[in-house]
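Colleague:
There are 2 protein chains.
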Amino acid sequence: MNISMAAEQSGVSAKMIRYYESIGLIEAADRRDNGYRDYGDTEVAMLQFVRRTRDLGFSLDEVASLLTLWRNRRRSSREVRRLAEKHLADIDARIADMRAVSRTLKRLVHACHGDDRPECPILDDLAATPATTTTKHTRQPRRTRKAK
Amino acid sequence: MNISMAAEQSGVSAKMIRYYESIGLIEAADRRDNGYRDYGDTEVAMLQFVRRTRDLGFSLDEVASLLTLWRNRRRSSREVRRLAEKHLADIDARIADMRAVSRTLKRLVHACHGDDRPECPILDDLAATPATTTTKHTRQPRRTRKAK
DNA sequence: CTGCACCTTCCCACAATGGGAAGGTCAACG
DNA sequence: CGTTGACCTTCCCATTGTGGGAAGGTGCAG
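Chains as they are written, first to last, in the numbering used here: chain A, 1 to 148; chain B, 1001 to 1148.
1. Could you tell me whether the Cβ of E27 of chain A comes closer than 8 Å to any Cβ of chain B?
2. Using a C-beta cutoff of 8 Å, does R54 of chain A count as contacting chain B?
3. Check whether the Cβ atoms of G35 of chain A and R1081 of chain B sit closer than 8 Å, and answer yes or no.
4. Which of the residues in the segment 34 to 53 of chain A, read from start to end, lie with their CB under 8 Å from any CB of chain B?
5. May I have the straight-line CA-CA distance separating D1055 of chain B from Q1048 of chain B, to the nearest angstrom?
6. Quick one: Cα of V1044 of chain B to Cα of A1006 of chain B, how far?
7. Return yes when the Cβ of V12 of chain A is within less than 8 Å of the Cβ of R52 of chain A, no when it is not.
8. Where does R1075 of chain B fall in DSSP's three states?
9. Can you name the residues of chain A whose CB is closer than 7 Å to the CB of I1122 of chain B?
10. Just verifying my parser: in three-state terms, what is the DSSP assignment at D1033 of chain B?
11. Where does D1092 of chain B fall in DSSP's three states?
12. Quick one: measure Cβ to Cβ for A1014 of chain B and S1004 of chain B, integer angstroms, because I've assumed they're closer than 8 Å.
13. Quick one, are the C-beta atoms of D92 of chain A and S1102 of chain B less than 8 Å apart?
14. Taking the alpha-carbon positions, what's the I26 of chain A to L60 of chain A distance?
15. With DSSP as the reference, label D55 of chain A as helix, strand or coil.
16. What does the alpha-carbon distance come out to for the pair S10 of chain A and L1067 of chain B?
17. At 8 Å on the CB atoms, spell out the chain A contacts of I1091 of chain B, in chain order.
18. Beta-carbon within less than 7 Å of C120 of chain A's beta-carbon, same chain only, minus the 5 sequence neighbours each way: which residues are those?
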């Protein structure tokens, strides 16, 4: 089948299929006499695997690893799980960060009248002068290199 | 003060300060005779505003809008709140998506032995043939083609 | 004067995707 | 048979926001 059909059946755009091929994520597809790429059910299944893995937020690098493991009949499930766990930890950390942001935004939105007046706690908060931070002046005793 | 000091005090890297200037997010800094950019407390405060806004996940476009509102003494807080609410909704939607991913990953990780054996529900799930999805296939746009 | 930490501009890269141009191919329809 | 239009191909560009680094100028301590 042609690439657009493979795209439709796998849920991966034709553009992306070509891209995945170009970076070596998937093998180069067979070509027909006219130069068109030709796909079979095996290839479509692989593309579906890639799409599902991407849907779970794995990077293309991770997809590559998972594809290799998938194809390797002598893999250890330990390795697969390790990859998944690492990614899960990453996702959860990002969720935590975003929840903190969400809480802050909710608080700010709540505090703001949202009417014609210019007074706005949201802007006040964003502009908050770091009096809180007690920034006692990063000294500059001559050539002090910045830390961190 | 020099750009590196402004960077240190604002928490925005020198690289980013120049970039923000180049895209017109912030005004071009004054220059000293030697061509060096020169920053004062006002500029640092603006950079801090930008950093805080970025920390809350606003895009640079949104930062630009918020900066304009911040500077405009005749703004309506309604507009600010609308922006914040829109962003909040966006964040919350993304959190929901990621939580769904997290739940799926947790389930998969849980189901996987993670030992030397190759059997792995994680890979099985990623490879799952859409028998479950009962996707009866979206019909073609028109001109049915259904190659081979 | 030397050395070094600054500063400047400019270009490259990243991740993953889409848009679109220029040109070849295939099949249906009149 | 020729036109038409939906395909296909490759190639380049844009995105978002950030960092790396080169090449060259400046300022100051020793």
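All C-beta atoms, glycine included, are put in the ideal place defined by N, C-alpha and C.
Modeller: Let's see:
1. Within the first sequence, the letter at position 27 stands for residue 27 of chain A. E27 of chain A does not count as touching chain B.
2. The residue labelled residue 54 of chain A in the question sits at position 54 within the first sequence. Cβ-Cβ to chain B under 8 Å: no for R54 of chain A.
3. Here residue 35 of chain A is taken as the residue at index 35 of the first sequence, counted from 1. Here residue 1081 of chain B is taken as the residue at index 81 of the second sequence, counted from 1. Cβ distance not < 8 Å, so G35 of chain A and R1081 of chain B don't count as in contact.
4. A45, Q48, F49, R52, T53
5. Your numbering for residue 1055 of chain B matches position 55 in the second sequence. Your numbering for residue 1048 of chain B matches position 48 in the second sequence. In a straight line, the C-alpha of D1055 of chain B is about 10 Å away from that of Q1048 of chain B.
6. Start at 1 with the first residue of the second sequence, and residue 1044 of chain B comes out as number 44. Start at 1 with the first residue of the second sequence, and residue 1006 of chain B comes out as number 6. Answer to the nearest angstrom: the Cα atoms are 6 Å apart.
7. Taking the first residue of the first sequence as position 1, residue 52 of chain A is located at position 52. Taking the first residue of the first sequence as position 1, residue 12 of chain A is located at position 12. Against a cut-off of 8 Å, the Cβ pair of V12 of chain A and R52 of chain A comes out as no contact.
8. As a position in the second sequence, residue 1075 of chain B is number 75, starting the count at 1. Coil, per DSSP.
9. Translated into the one-based positions of the second sequence, residue 1122 of chain B becomes position 122. Here the neighbours are V80, R81, A84.
10. Locating residue 1033 of chain B in the second sequence gives position 33, where the first residue counts as 1. D1033 of chain B falls in the coil class under three-state DSSP.
11. Counted from its first residue, the second sequence places residue 1092 of chain B at position 92. Residue state, collapsed to three classes: helix.
12. As a first step, residue 1014 of chain B must be located in the second sequence, where it is residue number 14. As a first step, residue 1004 of chain B must be located in the second sequence, where it is residue number 4. Right, their Cβ atoms sit about 5 Å apart.
13. Position 92 of the first sequence, counting from 1, holds the residue named residue 92 of chain A. Position 102 of the second sequence, counting from 1, holds the residue named residue 1102 of chain B. Cβ atoms of D92 of chain A and S1102 of chain B: closer than 8 Å.
14. By 1-based counting over the first sequence, the position of residue 26 of chain A is 26. By 1-based counting over the first sequence, the position of residue 60 of chain A is 60. When rounded, the distance between both Cα atoms is 11 Å.
15. Working through the first sequence from its first residue, we reach residue 55 of chain A at position 55. D55 of chain A falls in the helix class under three-state DSSP.
16. Translated into the one-based positions of the first sequence, residue 10 of chain A becomes position 10. Translated into the one-based positions of the second sequence, residue 1067 of chain B becomes position 67. Each residue's alpha carbon lies about 44 Å from the other.
17. To locate residue 1091 of chain B, count along the second sequence from 1; it is residue 91. In chain order: M98, V101, S102, L105.
18. Translated into the one-based positions of the first sequence, residue 120 of chain A becomes position 120. C112, listed in sequence order.
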